[in-house]
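Colleague: Next up is a structure, given as structure tokens.
Number of protein chains: 2
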Amino acid sequence: MAELTLEDIAKQVGVSRSTVSRVVNGSPNVSPEVRLQVEEAIRITGFHPNAAARSLASQRTRVIGLVLPRSVSSFFTDPFFPQLTQGIAVGCNANDLSLSLFLVTNKEDEDKIMPRISRSGMLDGILVQSGRADDPLMERLTNSRIPCVVLGRPFNHDCFNYIDVDNVKAAYSATKHLIDLGYTRIATITGSHGSTVTLDRIEGYVNALTEAGFVVQPSLISKGEFSETSGYEAMKSLLPHKPDAVFIASDLMASGAIRALQDSGLHVPEDIALVGFDDIPLAALTKIRLTTIRQPITQIGSKGVELLIDLIENGSQPPRNFILDTELIVRDSCGAKLRQKK
Amino acid sequence: MAELTLEDIAKQVGVSRSTVSRVVNGSPNVSPEVRLQVEEAIRITGFHPNAAARSLASQRTRVIGLVLPRSVSSFFTDPFFPQLTQGIAVGCNANDLSLSLFLVTNKEDEDKIMPRISRSGMLDGILVQSGRADDPLMERLTNSRIPCVVLGRPFNHDCFNYIDVDNVKAAYSATKHLIDLGYTRIATITGSHGSTVTLDRIEGYVNALTEAGFVVQPSLISKGEFSETSGYEAMKSLLPHKPDAVFIASDLMASGAIRALQDSGLHVPEDIALVGFDDIPLAALTKIRLTTIRQPITQIGSKGVELLIDLIENGSQPPRNFILDTELIVRDSCGAKLRQKK
DNA sequence: GTGAAAGCGCTAACAG
DNA sequence: CTGTTAGCGCTTTCAC
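Those protein sequence lines, which keep their order, are chains A and B. Just so you know, we're using my numbering here: the first sequence kicks off at 1 and counts up by one. Just so you know, we're using my numbering here: the second sequence kicks off at 1001 and counts up by one.
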């Protein structure tokens, strides 16, 4: 069976192609009787308008892109990204949008994919997960005219539409929680170097310490890069400096840290208390349940879709942003249940 | 700047639109000099052909879809899916294809998404992850004419193009490994009810037991559904029946099983030996490193893309399939290092 | 090797 | 409220 066209339906009902088009697009300018007839014909035949022709004529594709840059090397090791993707997918489904996924794995990908993204008219808008200070992708994207929402805080946040959580505040509250529990040598394991999340979370950590009158000790700040293994290594390197608590910038790294502690014969939270970040499913399932900062990951995704749709329909000036709330989830790893709050 | 068209480039170089089109599409029928000039003009202007117009004229979109049905509820809890997605993305990048992601989360999604997938000409072909016996999606997909590759073994595998591993053989080798190590009360935790992976893995388990002269005991077969929690529950329910080893249909469930064992004060592998399935990154990172069956997850994805491209270009009859190899990865949880092989 | 011309199936003025 | 008429930007015969 050859694919049906508007014309076929029009002929069948005895109206013009335009009328059928109006019905398909929900235009009010169609008489009820005609509308019913056309709808019936469409239903019976299973007609579905051709997407390419539609896009060509209307300059709209109803497709948005999700770009995960090279810096996101951990698409499948950290549940954060799949969960974000899921949130976006749900938002797309709800709005009759299709989602195109661009996983950039190397420089060649980037060079090949970028023009397709920005110049071929294939996408109505894009979502980019990025918080790298120096991501070359961001610049290329800014130069293109395509509506764009960043998931995470862009380095130069005045120029972008973005969705984020207040990482400074969240890290502050995590660290403050440890301070309030009476810990005095509070370390931190950071995220990847150069990303805004990492900078913000360090800032929150420093703020809390400073506010409480502690001196920030560089030896208690250990660099991770969001992977489990990096959490393990970072924890190991922290041990000689005898921290009694650690704020860790992701749950995945926290699970690595726990592994390092186990290997060293130390107990959580008795010997060292831990607070993580993200609240991935794993956090509640480890043997020592993780106290952590919950991010509304799914909502970041769906809110991003919402904002993007708005930009597409109403223009993107001036840049807007939404800061979503985080929540401290107290479980076992912080030792709150063993200690007395001050 | 308005978007450039073929015509603009043509005018600029002083040739016809057709010639530019030929250059863009790598047709051999262009003189070297003209080709060079056109290429130069394209490079300078940054011209990129309009995807919609191209699709409309050529009936090709260079977009393929990845459909993850409702039954895949665990897109972000089990690393299997993200990893598969990554493999597919890499395959797409390598072949200048775009990837459209359809995460079906409920019945409404399915009804809305399906016609878009199969009738709107938006996709050149699709990849479906599915192994449910009764997935309604599969039937709808078969009825549509769109080239389709199933990732996993479809229930009625004669009718489909698919990529899979030999789950029967893999489960057999996992179970056989436990038998060879001298265990005598070997249990299994299965995957979700009704999926072909689950059936196949049970079959392999039964085969190994039978071959070794063991009687298959229903009380030693516990139903999971691929989630961590279900692994935990399944292990708990197995405990009263005193297994000395368990073959578990996924690493994620295995990690749940380990948690259950820890809660019960039992040690792996001293009290109970475990073999998992998948070899997700986590498997090598748990405190008790998991012996498991490694699936070439990424390759399943990229091979799927490859086959799909072939179907699109050369037709899909007769149905073809590729069965990829698995490998038993011996680590600590099976107790191989404590026991003497027979 | 190159150009002219005819669509691909749809939307969007515009006229009635 | 409805039909007519132009395209949207490209591919693809078909002549030359």
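Note that the Cβ used here is the ideal one computed from N, Cα and C, for glycine as well.
1) Check the C-beta distance from Gly1087(B) over to Ile1297(B) and give it rounded, since I have them as a contact under 8 Å.
2) Would you say Ile312(A) and Gly125(A) are within 8 Å of each other, going by their C-beta atoms?
3) Name the two residues that bound the continuous beta strand (DSSP E) containing Tyr1162(B).
4) Using a Cβ-Cβ cut-off of 8 Å, state whether Thr291(A) counts as contacting chain B.
5) Can you list, in chain order, the stretches of the beta strand (DSSP E) that have 3 or more residues and sit fully within the stretch 1027–1105 of chain B?
6) Which chain A residues sit within Cβ distance under 9 Å of Pro1079(B)?
7) Smallest Cα separation from Phe81(A): which of Arg60(A), Arg62(A), Ala94(A), Leu103(A)?
8) For Leu1338(B), count the other beta carbons within 10 Å of its own beta carbon; 16 or more makes it buried, fewer makes it exposed. Which is it?
9) Please state whether the Cβ-Cβ distance between Asp109(A) and Asn1093(B) is less than 8 Å.
10) If we count the other Cβ atoms within 10 Å of its Cβ and call it buried at 16 or more, is Val149(A) buried or exposed?
11) Output the distance between the C-alpha atoms of Phe1343(B) and Ile1009(B), rounded to the nearest integer angstrom.
12) In three-state terms, what does DSSP make of Asn1156(B)?
13) Ser1302(B) and Asp1278(B) - do their beta-carbons sit closer together than 8 Å?
14) Starting from Ser195(A), follow its DSSP beta bridges and name the residues at the other end.
15) Short of 8 Å in beta carbon distance, which residues of its chain neighbour Glu3(A), apart from the five on each side in sequence? Order them along the chain.
16) For Arg1054(B), which residues in the same chain have their Cβ closer than 6 Å to its Cβ, ignoring the five residues on either side in sequence?
17) Can you give the Cα-Cα distance for Leu1261(B) and Pro69(A), rounded to whole angstroms?
18) Beta carbon of Lys169(A), beta carbon of Gly204(A): below 8 Å?
19) DSSP beta-bridge partners for Leu209(A)?
20) Of all Cβ atoms in chain B, is any one closer than 8 Å to the Cβ of Asp109(A)?
21) Measure the C-alpha to C-alpha separation of Gly1194(B) and Ala187(A) and round it to an integer number of angstroms.
22) Inspect the CB distances between the stretch 317–336 of chain A and the stretch 153–170 of chain A and report whether three or more fall short of 8 Å.
23) By how many angstroms is the C-alpha of Arg1060(B) removed from the C-alpha of Ala52(A)?
24) Looking at C-alpha atoms only, which residue of Val67(A), Ser120(A), Leu97(A) is the closest neighbour of Asn106(A)?
25) Which residue's Cα is closest to the Cα of Ser1120(B): Asn167(A), Leu239(A), Leu6(A), Leu238(A)?
26) Compare the C-beta of Met235(A) against all C-beta atoms of chain B and say whether one is closer than 8 Å.
27) According to DSSP, simplified to helix, strand and coil, what is Lys1341(B)?
28) Tell me, to the nearest whole angstrom, how far the beta carbon of Gly256(A) is from that of Ser230(A); I am working on the premise that it is less than 8 Å.
29) Which residues in the same chain have their Cβ closer than 7 Å to the Cβ of Leu99(A), if we skip the five residues on either side of it in sequence?
30) Between the stretch 275–303 of chain A and chain B, which residues of the former have CB atoms less than 7 Å from a CB of the latter, in chain order?
31) Less than 8 Å between the C-beta atoms of Thr1196(B) and Gly1152(B), yes or no?
32) Within the 8 Å Cβ cut-off, does Glu228(A) reach chain B?
33) Starting from Lys223(A), trace the beta strand (DSSP E) both ways and give me its first and last residue.
34) If we ignore side chains and look at the alpha-carbon of each, how far apart do His1267(B) and Thr1184(B) end up?
35) Have a look at Ser18(A) and Gln37(A) and give me their C-alpha separation to the nearest angstrom.
36) So the alpha helix (DSSP H) Ile300(A) belongs to, where does it begin and stop?
Modeller: On the basis of the supplied data:
1) On the second sequence, residue 1087(B) is found 87 positions in, with the first residue counted as 1. On the second sequence, residue 1297(B) is found 297 positions in, with the first residue counted as 1. The Cβ separation is near 6 Å, so the contact holds.
2) Start at 1 with the first residue of the first sequence, and residue 312(A) comes out as number 312. Start at 1 with the first residue of the first sequence, and residue 125(A) comes out as number 125. Contact: yes.
3) For this step, residue 1162(B) is matched to residue 162 along the second sequence. Unbroken beta strand (DSSP E) run through Tyr1162(B): 1161–1165.
4) By one-based count along the first sequence, residue 291(A) stands at place 291. So no, Thr291(A) is outside the interface.
5) 1063–1068, 1098–1103
6) Numbered from 1 along the second sequence, position 79 holds the residue referred to as residue 1079(B). Here the neighbours are Phe76, Thr77, Pro79, Pro82.
7) As a position in the first sequence, residue 81(A) is number 81, starting the count at 1. That would be Leu103(A), whose Cα lies nearest to the Cα of Phe81(A).
8) In the second sequence, the residue the question calls residue 1338(B) occupies position 338. Using a 10 angstroms sphere on the CB of Leu1338(B), the tally of other CB atoms stays under 16, which defines it as exposed.
9) Along the first sequence, one-based indexing puts residue 109(A) at 109. Along the second sequence, one-based indexing puts residue 1093(B) at 93. Contact flag set, yes.
10) Position 149 of the first sequence, counting from 1, holds the residue named residue 149(A). It counts as buried.
11) With chain B covering only 1001 through 1342, there is no way to say anything about residue 1343(B).
12) Position 156 of the second sequence, counted from the start, is the residue given in the question as residue 1156(B). Three-state result, Asn1156(B): coil.
13) For the purposes of this step, residue 1278(B) is identified with residue 278 of the second sequence, where counting begins at 1. For the purposes of this step, residue 1302(B) is identified with residue 302 of the second sequence, where counting begins at 1. No, the Cβ-Cβ distance between Asp1278(B) and Ser1302(B) is not below 8 Å.
14) On the first sequence, residue 195(A) is found 195 positions in, with the first residue counted as 1. The partner list for Ser195(A) (beta bridge, DSSP) reads Arg132(A).
15) For this step, residue 3(A) is matched to residue 3 along the first sequence. Result list for Glu3(A): Asn50, in chain order.
16) Along the second sequence, one-based indexing puts residue 1054(B) at 54. Hits under 6 Å: none found.
17) Walking along the second sequence from the start, residue 1261(B) turns up at place 261. Walking along the first sequence from the start, residue 69(A) turns up at place 69. Rounded to the nearest angstrom, the two C-alpha atoms are 40 Å apart.
18) Reading the first sequence from its first residue, position 169 is the one you call residue 169(A). Reading the first sequence from its first residue, position 204 is the one you call residue 204(A). Taking 8 Å as the cut-off, the Cβ atoms of Lys169(A) and Gly204(A) count as close.
19) As a position in the first sequence, residue 209(A) is number 209, starting the count at 1. Beta-bridge pairing links Leu209(A) to no other residue.
20) Within the first sequence, numbered from 1, the residue matching residue 109(A) stands at position 109. It does: the Cβ of Asp109(A) has a partner Cβ on chain B nearer than 8 Å.
21) Position 194 of the second sequence holds residue 1194(B). Position 187 of the first sequence holds residue 187(A). Their backbone Cα atoms lie some 49 Å apart in a straight line.
22) yes
23) Locating residue 52(A) in the first sequence gives position 52, counting from the first residue. Locating residue 1060(B) in the second sequence gives position 60, counting from the first residue. C-alpha separation (whole angstroms): 9 Å.
24) Taking the first residue of the first sequence as position 1, residue 106(A) is located at position 106. Nearest to Asn106(A) by C-alpha distance, out of Val67(A), Ser120(A), Leu97(A), is Val67(A).
25) Along the second sequence, one-based indexing puts residue 1120(B) at 120. It is Leu6(A).
26) In the first sequence, counting from the first residue as 1, residue 235(A) sits at position 235. Chain B, which has no Cβ nearer than 8 Å to the Cβ of Met235(A), makes this no.
27) As a first step, residue 1341(B) must be located in the second sequence, where it is residue number 341. Summary for Lys1341(B): the model assigns pLDDT 43, below 50, so the residue's position carries little reliability, and this model does not support an answer.
28) As a working mapping, residue 256(A) is identified with position 256 in the first sequence. As a working mapping, residue 230(A) is identified with position 230 in the first sequence. Confirmed, about 7 Å.
29) Residue mapping note: residue 99(A) aligns to position 99 of the first sequence, counting from 1. So the list reads Ile64, Leu66, Ile88, Ala89, Cys92, once near-sequence residues are dropped.
30) Pro281, Leu285, Lys287
31) Against the second sequence, residue 1196(B) aligns to sequence position 196. Against the second sequence, residue 1152(B) aligns to sequence position 152. Yes, the Cβ-Cβ distance between Thr1196(B) and Gly1152(B) is below 8 Å.
32) By 1-based counting over the first sequence, the position of residue 228(A) is 228. So yes, Glu228(A) belongs to the interface.
33) For this step, residue 223(A) is matched to residue 223 along the first sequence. Run containing Lys223(A): 221–223, per the beta strand (DSSP E) assignment.
34) Position 267 of the second sequence, counted from the start, is the residue given in the question as residue 1267(B). Position 184 of the second sequence, counted from the start, is the residue given in the question as residue 1184(B). Whole-angstrom Cα-Cα distance: 18 Å.
35) Translated into positions along the first sequence, residue 18(A) becomes position 18. Translated into positions along the first sequence, residue 37(A) becomes position 37. Rounded to the nearest angstrom, the two C-alpha atoms are 14 Å apart.
36) Residue numbering aside, residue 300(A) sits at position 300 when the first sequence is read from its first letter. Note, Ile300(A): alpha helix (DSSP H), 297–314.
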